[in-house]
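Q:
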Amino acid sequence: MAKYVYDFTEGNRNLKDLLGGKGANLAEMTNLGLPVPPGFTITTEACRHYLAEGAVPDGLEDEVATHLAALETSMGRKLGQADDPLLVSVRSGAKFSMPGMMDTVLNIGLNDESVQGLAKQAGGNERFAWDSYRRLIQMFGKTVLGIEGELFEEALDAVKSSRQDTDLTAGELRGLVETYKGIVREQTGRDFPAEPREQMRLAVQAVFESWNAPRAILYRRQERIPADLGTAVNIVAMVFGNVGPDSGTGVAFTRDPSTGHQGVYGDYLQNAQGEDVVAGIRNTIPLQELERLDKNSYDELMQIMQTLENHYKDLCDIEFTIERGKLWMLQTRVGKRTAAAAFRIATQLVDQGLISLDEAVTRVDGDQLARLMFPRFDASAGRKEITKGMNASPGAAVGKAVFSSERAVELAAQGEDVILVRRETNPDDLSGMIAARGVLTSRGGKTSHAAVVARGMGKTCVCGAEQLEVSASERRFTAPDGVVVNEGDVISIDGSTGEVFLGEVPVVDSPVVEYFEGRQVDDELVKAVDRIMNRADEVRRLRVRANADTIDDAARARRFGAQGIGLCRTEHMFLGERRQLVEDLVLAADDKERQAALDALEPLQKEDFTGIFRAMGELPVTIRLIDPPLHEFLPDLTEMSVKVATGDATDKDRKLLAAVKRLHEQNPMLGLRGVRLGLVIPGLFAMQVRAIAEAAREVPGARPEIMIPLVAAVQELEAVREEAASILRQIGVDALIGTMIETPRAALTAGQIAEAAEFFSFGTNDLTQMTWGFSRDDVEASFFSRYLELGVFGVSPFETLDRDGVGRLVKLAADEGRATREDLHLGICGEHGGDPDSVHFCHEAGLDYVSCSPFRIPVARLEAGRAALAGNDSDTR
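Residue numbers (my numbering): 43 to 919.
1. Could you tell me the distance, in whole angstroms, from the CA atom of residue 425 to the CA atom of residue 445?
2. Out of 115, 876, 146, which has the shortest C-alpha to C-alpha gap to residue 132?
3. Would you please state the rounded distance, in angstroms, between the beta carbons of residue 441 and residue 507? I believe it to be under 8 Å.
4. Which same chain residues end up closer than 6 Å to residue 556 when comparing Cβ atoms and leaving out the 5 residues on each side of it in sequence?
5. Out of 598, 376, 786, point me to the one whose CA is closest to residue 900's CA.
6. Count the other C-beta atoms from every protein chain shown that fall within 10 angstroms of the C-beta of residue 534, then say buried if there are 16 or more, exposed otherwise.
7. Which residue comes first and which comes last in the beta strand (DSSP E) that contains residue 434?
8. Using only the alpha-carbon positions, how far apart do residue 587 and residue 523 sit?
9. Which whole-angstrom value is the C-beta distance of residue 141 and residue 494, which I expect to be below 8 Å?
10. Leaving out five residues before and five after residue 778 in sequence, what residues of the same chain have Cβ atoms less than 6 Å from its Cβ?
11. Given a cut-off of 8 Å on the beta-carbon distance, is the pair residue 817 and residue 842 in contact?
12. Give a yes or no on whether the C-beta atoms belonging to residue 350 and residue 404 are separated by under 8 Å.
13. DSSP three-state call for residue 211: helix, strand or coil?
14. Under 8 Å, do residue 76 and residue 347 count as touching if we go by C-beta distance?
15. Please state the DSSP three-state secondary structure of residue 897.
16. Less than 6 Å between C-beta atoms, sequence neighbours within five positions excluded: which residues of the same chain meet that for residue 122?
17. Can you list, in chain order, the residues of its chain with a C-beta nearer than 7 Å to that of residue 377? Leave out the 5 residues immediately preceding and following it.
18. Between which two residues does the alpha helix (DSSP H) holding residue 770 run?
19. Evaluate the contact criterion for the segment 481-488 versus the segment 272-284: three or more CB pairs, one atom per stretch, below 8 Å.
20. In whole angstroms, what is the alpha-carbon distance linking residue 391 and residue 402?
21. Got a sec? Which residues, its chain only, sit under 6 Å from residue 89 by beta carbon, not counting five neighbours each side?
22. Looking only at C-alpha atoms, which of 544, 387, 70, 496 sits nearest to residue 537?
23. Buried or exposed: which applies to residue 920, given that a residue is buried once 16 or more other Cβ atoms fall within 10 Å of its Cβ?
24. Is residue 545 helix, strand or coil by DSSP?
25. Give the single residue among 502, 860, 47 whose Cα lies nearest to the Cα of residue 84.
26. Within 10 angstroms of its Cβ, does residue 613 collect 16 or more other Cβ (buried), or is it exposed?
27. Going by CA-CA distance only, name the one from 466, 434, 429, 433 that's closest to residue 447.
28. I'd like the span of the beta strand (DSSP E) that includes residue 370, first residue to last.
29. Can you tell me whether residue 622 is buried or exposed, with buried defined as 16 or more other CB within 10 angstroms of its CB?
30. Would you decide whether residue 605 is buried or exposed? Buried here means 16 or more other CB atoms lie within 10 Å of its CB.
31. So the alpha helix (DSSP H) residue 884 belongs to, where does it begin and stop?
32. Quick one: residues in its chain with C-beta nearer than 6 Å to the C-beta of residue 302, no 5 flanking neighbours on either side, listed in chain order?
33. Shortest alpha-carbon distance to residue 670 belongs to which of 625, 691, 458?
34. Once DSSP output is grouped into helix, strand and coil, what is the label at residue 166?
35. Would you tell me roughly how many angstroms separate the C-alpha atoms of residue 259 and residue 252, rounded to the nearest one?
36. Using DSSP bridges, identify the partner residues of residue 502.
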């Protein structure tokens, strides 16, 4: 029979799939002998069953009853016992950290009788007991019963007036409990459930259901967390940080999650419980202050933090509670961190002998490296600082101030850059945080919801700017010296320093970009990046090339570490002033006009290729012969028709209109382009091949590779190859001749095509369009957002390679091509070549190289190294 419940003494950190991250780590800390309140975990399997069937699995309630009885025995109290109650928390905990996205309910077991027993336990502290009771009704009402949280907040604010919640008396809290019970009765038509077992049962189901709450779904999509994992539920004996000034709750990091520097980092809040620290309802104090307030607990916490970091060999994020001078550990996990912190911490741990340099490579990823390449504010530019908060998540963000998540989403959809400004964020603000360039809050610290979520997403964030008076209702904030910023006014925030500026501040290159450009940079972070990049380059099998069409792009690609050019798009060389020459070629009425156009283009092409070959030296350069959708080079049909119809046209215009009508296509992307154009227009490809060969002959060591685009049948390639090979022989230049695999038929007949091709380069942009049957230019704005909401896509197939469809075609073509030609060279030149997950696929599929835009080359290099090491630790999320 399936086992659905595990005591903390039965689990360990390797059971995250079953027990979730929180449950697995609570078990691990229990095994280490750390002070963890006793409890047990309901598995993710139970959650998945509940979500699929709408009911808990058979046997679960009996298992829970058995473990609860054991917990009651160990604690010497029964759940909700009137004179001496055991209270429990019911907490979510998925495999991957989803801070604040799912539900938690504290103080389960309280009712009108047991609240008196709780006061007795606390030495007659009635204020504490009634505070715990009102918290239960408030959390239960919102998360389990679905009551709007603002109803409880408004009732609390009415009692507090201008005071802190800690200033409320026992009598006021008792009255608030009655008010809260009235809200429950009014909103649900039933009384608040007083029976402790019913409270626990309903809370467990609510946690299960929160897995599919809109904010949880949105967060999973953003972080690419699989939707079918489910969450575990942890039932833990309550310990209380809200008993009085000798109690409190806090969050700590073993290193600074913003910078990676070692030290004491965290927040503590006296006389507080549960979510108070991260919710930002009261401003916390730095963790260092705990040493003054409670040195024994502080010293024990420091020792435990060192134990956990050495045990996990990584930055640990810790939640703890102190109950009347007794320290309790409520959670630990490998902490979220900024990109800069990730690189620093990885190399620090190597220097400390905790991990190897290979493991350090797996501890960072390409997305983090890309963030380090984002610009930063220009320190020499004029700027007006209006306030300063905590540097919660680094970066330079500029945008219009907005004061609601809905407005952030609305303006971002219109192409506006926005900064989301809030007193404090909560999980319901996730959509706005995703849409915004950065987040600014007037409350909360580095462990607040805004800070933790922003770091996880790589968003710039400044928290706890206490001097700001934020009014969401009036859509403005007031800064010191009377500066008022209204919604729509532009502000700039620096997540590395915590500074907030009025207006737009110019940005400059990051030191990491300067490093990749080959400039000397004396910077601690750059040194960490350099160590990891050097090791990634040593271990990777995949080579990394660049998509580059100009001399400048080629030179930049080499500086960034490109090992050649995997895609030089010659049609990009014909835009601008040269467009007329292509127009003359396409619209030529006879052989004489066509040859004249080709003769005019050839020296320009040769000049282009000569410059690129010189920039790349002896590295390979794959040149794709012209592949223009004709509409990019022909006059607009409508404009020409109007011009002729209005009588302003010349004879040349009328001839041009007739030619445009003859060549007009309803769907140019599937029309006369690529190899088809080369076969229909005699001499076009021959001109390009001749220009390539002549240029290569002038540049010692040049290694041209000629790529025929849009081939769907081997006969097409054979027709072009024969002519190209003849030209190469005449000029005396060696060059590989291959093709792009960008149509499904080419992939399915790759074994035949390989008889005529010396290399394949997978054009995954077109292959994705044709496999899915939609146009990238049209569909991303029309229905992709809906498909993402419905889970049809986990991520856009143009962003990350669709392994199940497009990926299968790539793998099939690679295998069948090499079965025909063992030494067939294989690469990818769509923009997927710079996407981290797609790079891993290319490694697994046995490709020789990936090619991407110059600025993505460092990302591809790092991910290629990580892919080579993935067998050592495939789960590096």
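The beta-carbon is built from N, C-alpha and C at its ideal position, and this holds for glycine as well. Just so you know, these numbers come straight off a predicted model, no measurement behind them.
A: In short:
1. 23 Å
2. 146
3. No, residue 441 and residue 507 are not in contact; Cβ-Cβ is about 16 Å, not under 8 Å.
4. 563
5. 598
6. buried
7. 432-435
8. 53 Å
9. 5 Å
10. 747, 800, 801
11. no
12. no
13. coil
14. no
15. helix
16. 151, 156, 238
17. 295, 299, 357, 358, 359
18. 756-773
19. no
20. 8 Å
21. 250, 272, 273
22. 496
23. Here the chain comprises residues numbered 43 to 919, so residue 920 is not present and cannot be evaluated.
24. coil
25. 47
26. buried
27. 466
28. 368-376
29. exposed
30. buried
31. 878-886
32. 383, 386, 387
33. 625
34. coil
35. 9 Å
36. 480
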